[in-house]
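Each protein sequence line maps, in turn, to chains A and B. Here my numbering is used: the first residue of the first sequence is 1, the next is one more, and so on. Here my numbering is used: the first residue of the second sequence is 1001, the next is one more, and so on. Backbone N, C-alpha and C fix where the C-beta goes; we use that ideal spot for every residue, glycine too. From a predicted model like this one, the values you see are computed outputs, not experimental measurements. Please read the structure below before turning to the comments.
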Amino acid sequence: MECRESLKVREFVLARLTGEPAGDEAAARAAHLAACGACASMAAEMESVWARLAEDDGGDLAATSSWAARTTAALAAEIRRAHNVRPFRPRASESPLLKVAAVLAAGVAGFLVARASGSGAVPGSPGYQPTPGPFRGADSVSLVSSRTLDASRSALDLSGSPRLANVAYAPADAAGRVAVSFDVTTRYTVVGRPEDQALANLLVSLMSGAGGSEGAKGKALDVVSEGTRGGGSVSPEIVTLLRRTLETDRNPGVRKKAAEALAQMPPTPETRDALAAALKNDPNPAVRILAVEGLAKAATVLKDASSIETLRQKASDDHENGYVRSQAALALSKIEI
Amino acid sequence: MEAERTSPGPEADLEALELVRAGDPAGATRLFQRWSTPLLRFTGRMLGDPAEAEEVTQDVFLKVIARASQYDGRASVASWLFAIAANACRDRLRRSARRPSVPLDAVAEAPGPDLPVDLRLVERQKREAVRRALSRLSDEQREVLVLARYHGLPYAEIARALSISEGAVKTRMFRAVETLKSLFSEGETPWNAASR
């Protein structure tokens, strides 16, 4: 039966646990707690909950060095951006008529230049030839570039209001020239199949962390998995990276995606070895279950005795998680040799 | 309480924030060094997903830079940081219209090469069980409990950080502890109950 004082005692116990001031009636509450069995029992339960929460020490939620490096770099860039960028304001003296005249002059000049170079066609017209881009032939498109423009000879088109980041200013030189440096973001869309070299290189880079987050890495793994679901092939670089990811990535979710992608590929000795190693060594049961699926497939396709033996050992391993064992046994029963 | 409430102290936080306001990246680095792990743990426990926690925590620090001039000193820098983090977590949970589910693979192995594998496994299972129980609290109860239990914030600071009354903090704490009491007394859930 609950004591009439229980609400007040509960508040007193919680204050004690959280280090809050217990109030004027602390002594009275403590005395009641010492005398009342029901309240003492309730206090013990609350203390037990409080102690149990300490079992989550947050040890898995520590800042990794790669994340810390990415984040501090992003913060430094953001501070520079926030304190250097000055919004562009047109001079008040520029009248609308002058602006219209400038636009017309630019249009006429563009037309004359285009006609002089023999290319008057626009997209959609019969004579249009697109500029060779990253999707044609074996063009190499550098994603990291630095250019210096001579302001006396170049026009800068800022009409799309591009976001100028990391702006820096250099003071005037002997000739009175100043320099303004900045980064602009250019969005690329790379279209292709996972086995196409350009896309394979991009996915490898993203799976290696170039996307700057675990989420981007996971998405790249998803794309590879999706591409292999129908038995599609992937480049050897991707297979090697998936194997390395499965062996070394600290995040079990990432390892799970790597195992899934490897399990869905047409089996090869390399994918088989990676999955067998994961089944033997990975601490995460969800990863090991995917390894079981992949090894069962390898056993059938490669007519591979070592895969069967690995599965057999798992199925009879008393120290293995029960669900992994049953999945291994089930896989063995379905293998067609 | 985790280790964040130790030296160098609130004055150092204020100095770092002043540097951020003045456009000095060293200020952001100092705040990051002191608060990245506590905030990562807060967002991790709120969201139940380490990868999302990293993304949200990074966003929190970017917001700190953007809003540094808005800090008015009424609450400690710590409370202000947790307030931004709590809002960011609420936004994330609302946008994805989900409750944190803590799948089996969301709780990574903590780095601890000195411990034998079996002990590490036991520790991890205990951590998973607590994290799973936390995920079953309401978002409001969880944020109050996590701030009090793991980050040592007093009721008054929690109230300021979450823009609620101290009475509401107490009520949510009571309810959170009551819910956890019944969840813990249910015993261990199956290993894959919350996964997939």
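| Check | Outcome |
| --- | --- |
| Name the DSSP bridge partner or partners of Leu-164(A)? | Val-184(A) |
| On the three-pair Cβ rule with 8 Å, is the segment 324–333 of chain A touching the segment 1044–1064 of chain B? | no |
| So which residues on chain B does Ala-291(A) lean against when the C-beta distance must stay under 9 Å? | Neighbours of Ala-291(A) on chain B: none; closest Cβ ~14 Å, over 9 Å. |
| Using the rule of at least 16 other Cβ atoms within 10 Å of the residue's Cβ for burial, across every protein chain shown, is Gln-313(A) buried or exposed? | exposed |
| Within a Cβ cutoff of 7 Å, which residues of the same chain sit near Leu-1065(B), ignoring the five residues on either side of it in sequence? | Checking the sequence shown, residue 1065(B) turns out to be Ile, not Leu. Here the set comprises Val-1020 and Ala-1028. |
| What are the partner residues of Ala-170(A), as DSSP defines its beta bridges? | Ala-179(A) |
| Is His-32(A) close to chain B? Criterion is C-beta to C-beta, closer than 9 Å. | no |
| Is Tyr-1150(B) closer than 9 Å to Leu-53(A) when the C-beta atoms are compared? | yes |
| For the alpha helix (DSSP H) containing Ala-22(A), name the first residue and the last one. | Element bounds for Ala-22(A): n/a, residue is neither H nor E. |
| Listing by chain order, which chain B residues have their CB less than 7 Å from the CB of Val-49(A)? | Val-1177, Leu-1180, Lys-1181 and Phe-1184 |
| Along the alpha helix (DSSP H) that carries Cys-1264(B), what are the first and last residues, could you check? | Past the boundaries of the shown model lies residue 1264(B); chain B is included only from 1001 to 1196, so the question cannot be answered. |
| Between Thr-240(A) and the rest of its own chain, which residues show a CB-CB distance below 6 Å, the 5 nearest in sequence each way excluded? | none |
| Would Gln-1058(B) count as contacting chain A if we go by Cβ distances under 9 Å? | yes |
| Do the CB positions of Leu-1147(B) and Ala-1086(B) come within less than 9 Å of each other? | yes |
| Should Glu-1157(B) be flagged as near chain A, meaning a C-beta pair shorter than 9 Å? | no |
| Indicate the three-state DSSP secondary structure (helix, strand or coil) for Asn-281(A) in the structure shown. | helix |
| Taking the Cβ atom as the reference point for each residue, do Thr-371(A) and Arg-250(A) lie within a distance shorter than 9 Å? | In the structure as shown, chain A begins at 1 and stops at 337. Residue 371(A) is therefore absent and cannot be evaluated. |
| Does chain A have any CB closer than 9 Å to the CB of Phe-1082(B)? | no |
| Could you check which residue in Ser-306(A), His-83(A) and Ala-263(A) has the C-alpha nearest to that of Gly-294(A)? | Ala-263(A) |
| According to DSSP, simplified to helix, strand and coil, what is Asp-1024(B)? | coil |
| Check whether the Cβ of Arg-243(A) lies closer than 9 Å to any Cβ atom in chain B. | no |
| What is the DSSP secondary structure of Lys-1170(B), counted as helix, strand or coil? | helix |
| Which bits of chain A does Ser-1165(B) rub up against, with CB to CB less than 9 Å? | In chain order: nothing, as chain A lies at least about 15 Å away. |
| Considering only residues of the same chain and omitting the five flanking positions on each side of Ser-1165(B), which have a CB-CB separation below 8 Å? | Ala-1159 |
| CB Pro-1010(B) to CB Ser-1076(B), shorter than 9 Å? | yes |
| Using a Cβ cut-off of 7 Å, pull out every chain A residue sitting near Tyr-1071(B), in sequence order please. | Chain A residues near Tyr-1071(B): none, gap ~15 Å exceeds 7 Å. |
| Does any residue of chain A bring its CB to less than 9 Å from the CB of Asp-1024(B)? | yes |
| Compare the beta carbon distance of Val-49(A) and Leu-1180(B) with 9 Å and say whether it is the shorter of the two. | yes |
| At 8 Å on the CB atoms, spell out the chain A contacts of Met-1173(B), in chain order. | Leu-14 and Thr-18 |
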